[in-house]
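To start, the structure itself, in structure tokens.
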Amino acid sequence: MTRPSFTQADIKRAVQAVEAVGKSVAAVDFPPQGGFRVLLGEPEGAALAGRSGENEWDEVLRQQ
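The sequence shown maps to residues 3 to 66 in the numbering used here.
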């Protein structure tokens, strides 16, 4: 088995750097070709937690 090109500490540093500039980490992705990507945004499900169940089209459809 080959040695990984990054460590858990590398991922932790990347996530901490993103959070240090005030951004939220949605996920860390591990593409099949190697390496990792830090995806910005709200974690899946967090964005839905504060919603009332409506979306931007509900207002448009009410006006018709």
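Each residue gets a CB set at the ideal place from its N, CA and C atoms; glycine is no exception.
Predicted, not measured: the structure shown is a model, and the values here were computed from it.
Using alpha carbons as the reference points, say which of ALA11, LEU41, GLN18 and VAL62 lies closest to PHE32.
-> Along the sequence shown, read from residue 1 onward, the residue named residue 32 stands at position 30. Its Cα nearest to that of PHE32, the residue LEU41 stands out among ALA11, LEU41, GLN18 and VAL62.
DSSP-derived helix/strand/coil call for VAL27 = On the sequence shown, residue 27 is found 25 positions in, with the first residue counted as 1. If DSSP states are grouped into helix, strand and coil, VAL27 belongs with the strands.
ARG39 - DSSP class collapsed to helix/strand/coil | Numbered from 1 along the sequence shown, position 37 holds the residue referred to as residue 39. Three-state DSSP puts ARG39 in a strand.
Provide the residue span of the alpha helix (DSSP H) that contains ARG15, from first to last.
-> As a first step, residue 15 must be located in the sequence shown, where it is residue number 13. Start and end: 10-22.
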